[in-house]
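Just so you know, our numbering puts 92 at position 92 of the sequence shown, and the rest follows in order with no gaps.
No residue lacks a Cβ here, since even glycine has one placed at the ideal position from N, Cα and C.
Remarks on the structure that follows.
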Amino acid sequence: MNNIILIGFMGVGKGSVAREIVKNSSYIAIDTDDLIESIENKKIKKIFEDDGETHFRNLEKNIALWLEKSVSDTLISTGGGFYKQKNLKSIGTVVLLDSPFDDILNRIKAHPNAEKKLKKRPLLGDLKKAKELYDERRPEYLALADIVVNVTNKSAINCSKEILKKVENNV
Ligand code: S3P
Numbered sequence: 001m002n003n004i005i006l007i008g009f010m011g012v013g014k015g016s017v018a019r020e021i022v023k024n025s026s027y028i029a030i031d032t033d034d035l036i037e038s039i040e041n042k043k044i045k046k047i048f049e050d051d052g053e054t055h056f057r058n059l060e061k062n063i064a065l066w067l068e069k070s071v072s073d074t075l076i077s078t079g080g081g082f083y084k085q086k087n088l089k090s091i092g093t094v095v096l097l098d099s100p101f102d103d104i105l106n107r108i109k110a111h112p113n114a115e116k117k118l119k120k121r122p123l124l125g126d127l128k129k130a131k132e133l134y135d136e137r138r139p140e141y142l143a144l145a146d147i148v149v150n151v152t153n154k155s156a157i158n159c160s161k162e163i164l165k166k167v168e169n170n171v
């Protein structure tokens, strides 16, 4: 199916990297959170508030099944918890954007829309809990990834070039 599937923790820059990949290749990009928001006609934060995380994870599961069945030659960026979907590896080449927790936080804080970026992510509200989630997930991200790209102190454009090169060479 030749999809590239970008995984990684909240705020690591999956969206920015996806946009650069689109500029530098013939890939069309889709984002699992955007799909969920448009299907539900609600922001992720509101889905968590109104319907709960379990409902959100079920929506992710439906998206994962659809991606496997129906999508090819596409760059798919995902929410930070999407990697838990059992069929992830059947969707495409899994690329992890990897960075230490503190660097992710600094990256978000340095953004002109930092407050908005923190607010829209229900699981980033409590930074102690977010760090625990990061520590729990990081080994799982690494275990799943076909390709790991360390994004710390790298521009989105350089990350995008590295990803395209690695996918092409299958490393
Ligand atoms: C989540 C990450 C979010 C979004 C939701 C849950 C997670 O996406 O899917 O808030 O479980 O890590 P981003 O990784 O784009 O912030």
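### Task
Run the proximity test for Gly79: is its beta-carbon closer than 7 Å to any non-hydrogen atom belonging to ligand 1?
Taken from the Cβ of Gly79, at least one heavy atom of ligand 1 lies inside 7 Å.
### Identity of the residues DSSP links to Ser77 by a beta bridge
The partner list for Ser77 (beta bridge, DSSP) reads Leu6 and Asp31.
### Query
At a cut-off of 7 Å, is Lys14 close to ligand 1 when judged by its beta-carbon and the heavy atoms of the ligand?
Checking the Cβ of Lys14 against ligand 1 gives yes.
### Heavy atom of ligand 1 within 7 Å of Gly92 beta-carbon
Relative to ligand 1, Gly92 has its C-beta separated by 7 Å or more from all heavy atoms.
### Query
Which residue's Cα is closest to the Cα of Ile30: Leu96, Ala18, Glu53 and Asn41?
The shortest Cα separation from Ile30 among Leu96, Ala18, Glu53 and Asn41 belongs to Ala18.
### Task
Can you check DSSP and say which residues form a bridge with Asn150?
Bridge partners of Asn150: Asp98.
### Query
Just to confirm, are Leu144 and Val71 a CB contact at a threshold of 8 Å?
No Cβ-Cβ contact shorter than 8 Å links Leu144 with Val71.
### Query
From what residue to what residue does the alpha helix (DSSP H) around Ala18 run?
Element bounds for Ala18: Lys14 to Lys23.
### Proximal residues to Glu60 (C-beta, below 6 Å), its chain only, five neighbours per side dropped
Result list for Glu60: Phe82, in chain order.
### Query
Using the beta-carbon count (16 or more within 10 Å), is Lys23 buried or exposed?
Burial is judged here by how many other beta carbons sit within 10 angstroms of a residue's own beta carbon; Lys23 has fewer than 16 and is exposed.
### Query
In terms of residue numbering, what span does the alpha helix (DSSP H) encompassing Val167 cover?
That run of the alpha helix (DSSP H) goes Ala156 to Asn169.
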